[in-house]
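Presented below is the structure to which this report refers.
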Amino acid sequence: MDPQEFASMREEVARRPGLDGPGRRAALTAVTDAWLGVLFDRAQASISQPLCLVAVGGYGRGELAMGSDLDLVLLHRTGEAEAARAAEALWYPVWDSGVRLDHSVRTASEARRVAASDVRAALGLLDARVVAGDPTLAEQVTSGVLADWRAMAERRLPELHEMVKERRARFGELGQVVEPDLKECYGGLRDATILSGIAASWLTDVPHTGWQDSVGFLLDVRDSLHRLTAQPRDTLLMQEQSAVAQDLVGVDDPDALLRAVYESARTIAYASDVAWHRVERLTAGRSKSSFRPLRRRARERLPLAEGVVLQDGEAVLALEARPAEDPGLAMRAAASAAQAGILLSPHTVGRLAVESIALPDPWPRELRESFVSFLGSGPSLPAVWEALDHAGLIAAWLPEWQVVRSAPQRNPLHRFTVDRHLVEAVVQASA
0 MDPQEFASMR EEVARRPGLD GPGRRAALTA VTDAWLGVLF DRAQASISQP
50 LCLVAVGGYG RGELAMGSDL DLVLLHRTGE AEAARAAEAL WYPVWDSGVR
100 LDHSVRTASE ARRVAASDVR AALGLLDARV VAGDPTLAEQ VTSGVLADWR
150 AMAERRLPEL HEMVKERRAR FGELGQVVEP DLKECYGGLR DATILSGIAA
200 SWLTDVPHTG WQDSVGFLLD VRDSLHRLTA QPRDTLLMQE QSAVAQDLVG
250 VDDPDALLRA VYESARTIAY ASDVAWHRVE RLTAGRSKSS FRPLRRRARE
300 RLPLAEGVVL QDGEAVLALE ARPAEDPGLA MRAAASAAQA GILLSPHTVG
350 RLAVESIALP DPWPRELRES FVSFLGSGPS LPAVWEALDH AGLIAAWLPE
400 WQVVRSAPQR NPLHRFTVDR HLVEAVVQAS A
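In numbering that gives the first Met the number 0, the protein residues as written are 0 to 430.
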């Protein structure tokens, strides 16, 4: 198969009817793997020592879109001249096909050293997958990189967090931007990859809040955008939103598309917020000698409000708390957490969403006072509000909230969705 035939097969996958997003990504990955396997066999034939071609990053995860780069590492244990000759036999046909290529040639020890010094390279190699060749070479790299990632997590994750914060300041939040970058905005595809990296570190738990399903939807949107524009662009511009909506759901409704994108992004962002909160709590002011990933000390529980305590840096329910018997408990928990500047634990939020009984009508004085306290908590309000909103508690308290939840504002001058605008206005009013 020559480069032009490979390009034609990719186009056939893009146009093939009946494929959903996961099916199209799987087909595109399979076509790419097969072609690279043929190229690899030709390259390996003239080399004296075994080689291994490894896909990393999005290609390693099987998340190829039509405009995606091929992220490849050629692993070898031969001399540099032989390795370079094999690499040329692989890379030039890819370039000739028109597919973008991010490539490197390493020994196993070199790959491990690069990952130890470059957090982006480490994240890519955590998703390494053998395309062709000697799997023992890849195993040396992946096992070593994973061991190093866990051993250095206390140092590497805060470094990664700083990078995330810089990116968030630059690109904004995917759940708020009217023309969002599906990959780089906070709550997007890059943050989903980072969540997997945090989980792999064994440093702390990553919330199980359905964010993996949200990743799948964002990948579907990106796939559609790449196919419709024939461009490797991840920014969902306003003029393209109608076509993407029509392609994905068969309805020309860009607002519905944006709402679905925002919902997915907010799910990923919420999981990220909780994960980074836990990383910061575990790494702040601790030495390596005292650090033990996931090892619990004796849990101290400090009262915050009736039925609510502080534990491990998060607000949780007291042992005697009974949401099914205490209609004001969820509101007290929200107010006490926000006033203390901490998060409600995801487990607590989930339990309140499932077990809480309906609020009395009209709201009694205690409930109204808790709500006012919650609204007056200042900068801590959005994070706690978002957790409750994600679980459906805000809509249970205020049914009208569903009308404005994740509703886009089409004027680029607006920084937030309608619902977030309301929350931010309350924050400013409490200052």
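Don't be surprised by glycine CBs; every beta carbon is placed ideally from N, CA and C.
Check	Outcome
Beta-ladder partner(s) of residue 234, from DSSP	180
Separation of residue 270 from residue 207, as counted between CA atoms	8 Å
Residue 49 to residue 79 span [Cα, whole Å]	13 Å
Nearest candidate by alpha-carbon position, reference residue 344, set 199, 263, 371 and 387	387
Endpoints, the alpha helix (DSSP H) within which residue 59 is located	56-59
Selection from 246, 219 and 245 that minimises the alpha carbon distance to residue 233	219
Residue range of the unbroken alpha helix (DSSP H) whose run includes residue 73	Note, residue 73: premise wrong, no alpha helix (DSSP H); beta strand (DSSP E) at 69-75.
Test item: CB-CB of residue 379 and residue 337 under 8 Å	yes
Alpha-carbon spacing of residue 277 relative to residue 303, whole angstroms	19 Å
Alpha-carbon spacing of residue 58 relative to residue 9, whole angstroms	14 Å
Pick from 195, 173 and 316 that is closest to residue 415, judged by C-alpha positions	173
Assigned secondary structure, residue 413 (DSSP; H/G/I helix, E/B strand, else coil)	coil
Per-residue burial, residue 275 [other beta carbons within 10 Å of its own, 16 or more giving buried]	buried
With 16 other Cβ atoms within 10 Å as the buried cut-off, status of residue 129	buried
Contact check, residue 104 vs residue 124, beta carbons under 8 Å	no
Spatial neighbours of residue 435 in its chain, beta-carbon cut-off 7 Å, leaving aside the 5 residues before and after	Shown here, the chain extends from 0 to 430; a query on residue 435 therefore has no answer.
Distance, residue 252 Cα to residue 360 Cα	37 Å
Separation of residue 89 from residue 132, as counted between CA atoms	13 Å
N- and C-terminal bounds of the beta strand (DSSP E) containing residue 103	100-105
Cutoff 7 Å; reference residue 61; Cβ partners in own chain excluding five residues on either side	24, 25 and 28
Cβ separation of residue 434 and residue 127, assumed to be a contact under 8 Å, to the nearest whole Å	Since the first and last residues shown for the chain are 0 and 430, residue 434 lies out of range.
Beta-carbon gap between residue 85 and residue 46 smaller than 8 Å	yes
DSSP beta-bridge partners of residue 302	308
Given residue 317 as reference, the closest of 323, 325 and 308 once Cα atoms are compared	308
Which of helix, strand or coil DSSP assigns to residue 189	helix
Buried/exposed call for residue 291, threshold 16 Cβ in 10 Å	Caution applies to residue 291, whose pLDDT of 40 falls short of 50 and renders its modelled position unreliable; the model cannot decide the point.
Distance between residue 312 and residue 436 (C-alpha atoms, nearest Å)	A question about residue 436 goes unanswered here, because the residues of the chain that appear run from 0 up to 430.
Residues bridged to residue 316 (per DSSP)	307
Pairwise C-alpha distance: residue 165 and residue 242	32 Å
Exposure of residue 65, with buried meaning 16 or more beta-carbon neighbours within 10 Å	buried
Under 8 Å between C-beta atoms of residue 265 and residue 186	yes
Span of the alpha helix (DSSP H), counted from its first residue to its last, around residue 20	20-44
As assigned by DSSP and simplified to three states, the class of residue 172	strand
Residue 352 beta carbon less than 8 Å from that of residue 272	no
Simplified DSSP assignment, three categories, for residue 286	Caution is warranted here: a pLDDT of 43 is assigned to residue 286, below 50, making its placement in the model unreliable, and the coordinate value is therefore given only provisionally. Correct three-state label for residue 286: coil.
Assigned secondary structure, residue 340 (DSSP; H/G/I helix, E/B strand, else coil)	coil
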